[in-house]
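In what follows, a structure is listed as structure tokens, so that the remarks can point back to it.
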Amino acid sequence: MPHTKRIAYGAKNLNDLPEDLLSRILSFLPIEVAATTSLISKRWRTLFLFAPTLKLTYHEGANGDAFVKFVARMLALRSREKNPIEKFALHLVKGVDGDHVDGLILNALGHELSDLDLRIYNLDNWSGPSPHVFVAKELSTLVLGTNCIINVERGVVDLPNLKTLHLDDVQFTDDNTGLSKLLSGCPVLEVLFLVDINWDDWDVCCVSSTSLKKMRIRWESYDDDKDCNGCPKSVIFNTPNLQCLHYSDDDASQYPTANFGKLDGAKIQLIRRNAEEEEENVTGHATHFWKGICNVDTLSITSDTLEVLTFCCDPIPVFKNLTQLSIKTGPELGWESLPGLLNKSPMLETLFLKVINETSVPPQVERRFECGGGADEDRKTLMEQVKHFLEEMKLEE
320 MPHTKRIAYG
330 AKNLNDLPED
340 LLSRILSFLP
350 IEVAATTSLI
360 SKRWRTLFLF
370 APTLKLTYHE
380 GANGDAFVKF
390 VARMLALRSR
400 EKNPIEKFAL
410 HLVKGVDGDH
420 VDGLILNALG
430 HELSDLDLRI
440 YNLDNWSGPS
450 PHVFVAKELS
460 TLVLGTNCII
470 NVERGVVDLP
480 NLKTLHLDDV
490 QFTDDNTGLS
500 KLLSGCPVLE
510 VLFLVDINWD
520 DWDVCCVSST
530 SLKKMRIRWE
540 SYDDDKDCNG
550 CPKSVIFNTP
560 NLQCLHYSDD
570 DASQYPTANF
580 GKLDGAKIQL
590 IRRNAEEEEE
600 NVTGHATHFW
610 KGICNVDTLS
620 ITSDTLEVLT
630 FCCDPIPVFK
640 NLTQLSIKTG
650 PELGWESLPG
660 LLNKSPMLET
670 LFLKVINETS
680 VPPQVERRFE
690 CGGGADEDRK
700 TLMEQVKHFL
710 EEMKLEE
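Numbering (this note's numbering), first residue to last: 320 to 716.
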């Protein structure tokens with residue numbers, strides 16, 4: 320079939336689809352691409368405007384005033400037609416006047432939104448979302464970033480249907496009080512992402528939620544700023560129904576409470592704040608944290624994390640349910656750090672080592688070790704295999 324005929328045949332079939340389905344298909348496209356479909360025919364002229372998902376991205380250097388007017392017109396048309404919006408994503412950088420942003424967000428919230436994604440960076444006349452965002456009762460997913468300020472100190476937080484909260488590179492005007500107030504206003508929250516939260520000068524951080532099932536806390540900036548400690552001095556976890564934990568940060572000075580319940584899986588990457596201290600001077604300040612996750616079934620850690628466990632936890636707790644352990648490390652992992660953890664894992668069946676040569680990434684070595692469910696002889700054999708493997712890695716350096 321000639322190329323032109325194939326195009327015509329495909330377009331004809333597409334035109335046979337109902338408008339609701341066409342609008343949903345268009346919602347997967349960037350708005351500037353979806354808008355070009357208005358040229359196809361009279362029927363397509365406004366289809367892109369009624370897509371259930373609106374993803375609006377302003378690119379630096381474009382006409383900021385024209386962008387704001389375009390978004391305002393689109394939302395006004397949706398209001399006139401009483402057409403709901405399922406997801407509204409607004410990604411802005413410098414070039415848009417921040418005075419207009421809250422009006423656009425408030426307009427979007429009037430369309431029965433379930434998902435709101437705001438990634439707004441470095442705008443003049445705008446520092447953070449308005450109080451209306453934190454009382455949007457229909458929201459089930461809220462994403463806020465980047466480099467914005469969250470101020471809930473005097474306002475109300477009432478997000479009764481919010482199940483997913485993603486905060487990226489934000490700061491709170493009242494530190495932990497603001498975070499605690501935000502979480503307490505989300506009674507059915509199940510998924511929490513905290514990425515690069517500006518809390519390194521907080522005295523304490525408390526993450527408390529009885530409904531939370533999945534939590535990811537990640538400090539991604541410490542590679543760029545070695546002198547900046549990512550986490551607060553003291554970190555408290557009270558998430559008794561958590562099932563999955565991803566925690567990557569500097570090692571806090573204290574973990575007064577770490578209530579995680581029974582975890583299905585955990586991925587931990589902790590870096591010691593004072594790695595230069597002599598081992599005999601390091602206290603067991605991380606003991607409560609490791610006791611909190613010792614019921615985990617599957618655990619993934621780094622060599623830095625193993626160091627925290629070995630030297631900052633006294634004693635190492637028994638990981639009675641642990642069946643699979645993964646360790647990601649450079650060739651420098653010391654054999655002396657492993658037996659302590661392996662001996663406290665009576666049900667361990669699989670040990671997975673991933674050794675990366677950091678001086679010439681991506682060359683790496685992966686090795687999987689199987690253990691017969693905790694038998695002493697099997698465990699002794701496993702340790703001999705691991706020790707031999709690590710010695711081989713040293714010889715290859």
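Every residue gets a Cβ at the ideal spot worked out from N, C-alpha and C, and that includes glycine. Remember, predicted model here, so these are calculated numbers, not experimental data.
- One alpha carbon belongs to K639, the other to I675, and they sit about 29 angstroms apart.
- Using a Cβ distance threshold of 7 angstroms, L508 and S527 do not count as a contacting pair.
- In this structure, W445 and V420 form a Cβ contact; the two beta carbons are roughly 5 angstroms apart against a cut-off of 8 angstroms.
- Restricting attention to F407, G417 and L411, the CA atom closest to the CA of G429 is found in F407.
- Rounded to the nearest whole angstrom, the CA to CA distance from V637 to S664 is 6 angstroms.
- Around C524, the same chain offers N495, W518, P551 and V554 as residues with beta carbons nearer than 6 angstroms, after the five sequence neighbours per side are excluded.
- Counting only the Cα atoms, D616 lies some 52 angstroms from E400.
- Taking N480 as reference, the option from I439, S645, N614 and E457 with the minimal CA-CA separation is E457.
- For the stretch 372-429, the full-length beta strand (DSSP E) segments reaching 3 residues or more read 372-376 and 406-411 along the chain.
- At a Cβ-Cβ threshold of 7 angstroms, K533 and C505 do not count as neighbours.
- Going by DSSP, D487 is part of no alpha helix (DSSP H) but of the beta strand (DSSP E) stretching over T483 to F491.
- Under the DSSP definition of a beta bridge, C631 lacks any partner.
- For T629, same chain residues with a beta-carbon under 7 angstroms away, outside a window of 5 residues either side, are S656 and G659 in chain order.
- By a beta-carbon distance limit of 8 angstroms, N560 contacts G580. Their separation comes to about 6 angstroms.
- In this chain, the beta strand (DSSP E) harbouring D568 covers C563 to D569.
- Annotation: A381 to K413 spans about 10 angstroms, alpha carbon to alpha carbon.
- If you look at G497, you'll find it in the alpha helix (DSSP H) that goes D494 to S503.
- Assigned with DSSP and collapsed to three states, L582 falls in coil, not helix or strand.
- Under the DSSP assignment, K610 falls in the alpha helix (DSSP H) whose first and last residues are T606 to G611.
- Taking T621 as the centre and dropping the five residues before and after it, the same chain places the C-beta of Q588 and K647 closer than 6 angstroms to its C-beta, in chain order.
- Residue burial is scored here from C-beta neighbours: L396 has fewer than 16 other C-beta atoms within 10 angstroms and is therefore classed as exposed.
- Contact annotation: D493 and D515 have beta-carbon atoms that are not nearer than 7 angstroms.
- Bounds of any alpha helix (DSSP H) do not take in G464; it lies within the beta strand (DSSP E) bounded by T460 to I469.
- Distance between G417 and D443, taken at the CA atoms: about 5 angstroms.
- Counting the other Cβ atoms within 10 Å of the Cβ of A455 gives 16 or more, which makes it buried.
- Around the CB of H607, 16 or more other CB atoms lie within 10 Å, so the residue is classed as buried.
- Burial is judged here by how many other beta carbons sit within 10 angstroms of a residue's own beta carbon; T558 has at least 16 and is buried.
- With a cutoff of 7 angstroms on beta-carbon distance, K673 and S619 are scored as not near each other.
- Excluding five sequence positions before and after I404, the CB atoms of its chain that fall closer than 8 angstroms to its own CB belong to P371, T372, L373, R397, A427, H430, E431 and L432, given in chain order.
- Judged by DSSP in its simplified three-state form, S622 adopts helix.
- Of L461, G497 and T465, the smallest CA-CA separation from T483 is found for L461.
- When the five nearest sequence neighbours on each side are left out, the beta carbons in the same chain lying within less than 6 angstroms of the beta carbon of Y440 are those of V412, T465 and N466, in order along the chain.
- T648 is bridged by DSSP to V674.
- Exposure of G603 is indicated by the presence of fewer than 16 other C-beta atoms within 10 angstroms of its C-beta.
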